[in-house]
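Enquirer: Using this note's numbering, the first residue of the sequence shown is number -9, and each one after it goes up by one.
Each residue gets a CB set at the ideal place from its N, CA and C atoms; glycine is no exception.
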Amino acid sequence: MTIHPLRAASAALRTKTTLRSKPVLSLSAVALAATLALTGCVAGEGSAADSGSGTTGDAEGWSDDSLSIDFATYNPLSLIIKDQGWLESTLGDDVEVTWVQSAGSNKANEALRAGVVDVGSTAGSAALLAKSNGSPISSIYVYSQPEWAAIVVPADSSITSVADLEGASVAATKGTDPYFFLLQALDEAGLSVDDVEVQNLQHADGKAALESGAVDGWAGLDPLMATSEIEAGSKLIYRNVDFNTYGLLNATDEFLTENPDLAQVVVDAYEKARLWVEENPDEAVQILADAAGIDSAIAEKVLTERTSFDIDPVPGDAQRKVLEVVGPFFVEAGDVDDQSQIDTALDELLDPSYATAADPSTIAD
């Protein structure tokens, strides 16, 4: 077992002997906290982290005694880290790790903005949207290049193309990659969001609405989309991997400023998970299946057919390129007031320092 250097340096000074548990917050608790916090005004952009070196902890231990981080079925690496207990093993009894489940990128953004989590996972589009609207976050790691969104219709639908959606009702979760996938798909088909009736439903509710016939289409998200495809016969009528933005790991700028050592541990754990899933695909499939409550065949489709972990995890030009395409749709849809806000966010969102310094060997098994 490899012990983080900061932890080794402070071993002689620690007196705690009882291991902390790893609590999981319910979605209702997160929603309540987010609602309370969001009733106030939010300041503008926070300052970026000075570096990702993880060297600010003093000789007495870590920079803080708590870490709050999300996990999500759309982010398989988070499930692996949680399942393996790597953060708890590395941080030991000095830092209490709290896991908060995110039901979608919009919920992760709410939790970040409300201070419910220090680190949260979203689609790149959602991170840019939040940053453009003043949320003080930075993207510190690329956890996947997914094809997690597509346009879905019921098994017996006569709709065969995006153009056929004109005048139809479509379920989509605003502020998430599937919603922005829908906007891009409509634009490519010569339509706009005004040509359809968007039902703003959380991902699981969108799936239920599609399968019950309450909507004509759904901008779906895996693994829910793969589940509907296999179990309900739902049809993916439009796929385009280029319309899916990357999966980004985001942290509040306050957390990065005050706790860069903990931020680096999180990124180190993510890098360990990214390498681990490539070497242990069957176990990774089972972890996703168990966490999402889905059949292993569905989990395998998501991980092997629609998700790539063989990527450069350092946020940079590849992510900026795809986000530059998505950004103008925010203004067109009225989600951001002005393109200048998007341009500023693009300049400030991506922080490569932590991923560049990532060292999975610092993470204890």
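Taking the alpha-carbon of PRO136 as reference, which of SER151, ALA153, ASP146 and ALA113 has the nearest alpha-carbon?
Expert: Here residue 136 is taken as the residue at index 146 of the sequence shown, counted from 1. Nearest of SER151, ALA153, ASP146 and ALA113 to PRO136, Cα basis: ALA113.
Enquirer: By how many angstroms is the C-alpha of GLU268 removed from the C-alpha of THR45?
Expert: Against the sequence shown, residue 45 aligns to sequence position 55. Against the sequence shown, residue 268 aligns to sequence position 278. Low per-residue confidence applies at THR45: pLDDT is 38, beneath 50, and the placement is therefore not dependable enough to give any value.
Enquirer: Only counting the same chain, and skipping five residues up and downstream in sequence, which positions put a Cβ closer than 7 Å to that of SER16?
Expert: Mapped onto the sequence shown, residue 16 falls at position 26. Residue placement at SER16 is poorly supported in this model, since its pLDDT is 43, which falls under 50; the coordinates still yield a value, given next. Same-chain partners within the cutoff: there are none.
Enquirer: Under a Cβ-count criterion, where at least 16 other Cβ atoms within 10 Å of its own Cβ denotes burial, should ASN190 be classed as buried or exposed?
Expert: The residue given as residue 190 occupies position 200 in the sequence shown. Its Cβ having fewer than 16 others within 10 Å, ASN190 is exposed.
Enquirer: What span of residues does the beta strand (DSSP E) with LYS291 cover, start to end?
Expert: Here residue 291 refers to the residue found at position 301 of the sequence shown. LYS291 -> no beta strand (DSSP E), and no H or E assigned at all.
Enquirer: Taking the Cβ atom as the reference point for each residue, do SER128 and THR297 lie within a distance shorter than 8 Å?
Expert: Translated into the one-based positions of the sequence shown, residue 128 becomes position 138. Translated into the one-based positions of the sequence shown, residue 297 becomes position 307. Not a contact, by the Cβ cut-off of 8 Å.
Enquirer: Quick one: residues in its chain with C-beta nearer than 7 Å to the C-beta of GLU314, no 5 flanking neighbours on either side, listed in chain order?
Expert: As a first step, residue 314 is located in the sequence shown; it is residue number 324 there, counting from the start. So the list reads LEU336, once near-sequence residues are dropped.
Enquirer: Give the straight-line distance between the Cα atoms of ASN123 and VAL326, rounded to the nearest whole angstrom.
Expert: Residue 123 sits at position 133 when you count from the first residue of the sequence shown. Residue 326 sits at position 336 when you count from the first residue of the sequence shown. Answer to the nearest angstrom: the Cα atoms are 7 Å apart.
Enquirer: Go ahead and label GLU100 buried or exposed: buried means 16 or more other beta carbons lie within 10 angstroms of its beta carbon, across all protein chains shown.
Expert: Counting from 1 along the sequence shown, the entry for residue 100 is found at position 110. Buried is the call here.
Enquirer: Count the other CB atoms within 10 Å of the CB of THR150; is the residue buried (16 or more) or exposed (fewer)?
Expert: Position 160 of the sequence shown, counting from 1, holds the residue named residue 150. The residue in question, THR150, is exposed, as its Cβ has fewer than 16 Cβ neighbours within 10 Å.
Enquirer: When the Cα atoms are used, what is the spatial distance from GLN276 to SER286?
Expert: As a first step, residue 276 must be located in the sequence shown, where it is residue number 286. As a first step, residue 286 must be located in the sequence shown, where it is residue number 296. If you take the alpha carbons of GLN276 and SER286, they lie about 6 Å apart.
Enquirer: Per DSSP, TYR131 forms a beta bridge with which residues?
Expert: Taking the first residue of the sequence shown as 1, we reach residue 131 at position 141. According to DSSP, TYR131 bridges with LEU239.
Enquirer: How big is the Cα-Cα spacing for GLY196 and PHE171?
Expert: The residue given as residue 196 occupies position 206 in the sequence shown. The residue given as residue 171 occupies position 181 in the sequence shown. Approximately 15 Å between the Cα atoms of the pair.
Enquirer: Use the C-beta contact count for ALA259: other C-beta atoms within 10 angstroms, 16 or more gives buried, fewer gives exposed.
Expert: Stepping through the sequence shown from its first residue, residue 259 is reached at position 269. Its Cβ being crowded by 16 or more others within 10 Å, ALA259 is buried.
Enquirer: Let me check you understand the geometry: is the CB of ILE149 closer than 7 Å to at least one non-hydrogen atom of the ligand FMN?
Expert: The ligand FMN is not among the ligands present in this structure, which contains no ligands whatsoever.
Enquirer: Answer yes if the region 293 to 313 comes into contact with the region 335 to 354, meaning at least three C-beta pairs across the two stretches below 8 Å, and no otherwise.
Expert: Touching, yes.
Enquirer: Looking at C-alpha atoms only, which residue of GLU219, GLN74 and GLY94 is the closest neighbour of TYR169?
Expert: Position 179 of the sequence shown holds residue 169. Ranking the options by Cα distance to TYR169, first place goes to GLY94.
Enquirer: Quick check: what's the CA-CA separation for THR352 versus GLU219?
Expert: Working through the sequence shown from its first residue, we reach residue 352 at position 362. Working through the sequence shown from its first residue, we reach residue 219 at position 229. Straight-line Cα distance between these residues: approximately 40 Å.
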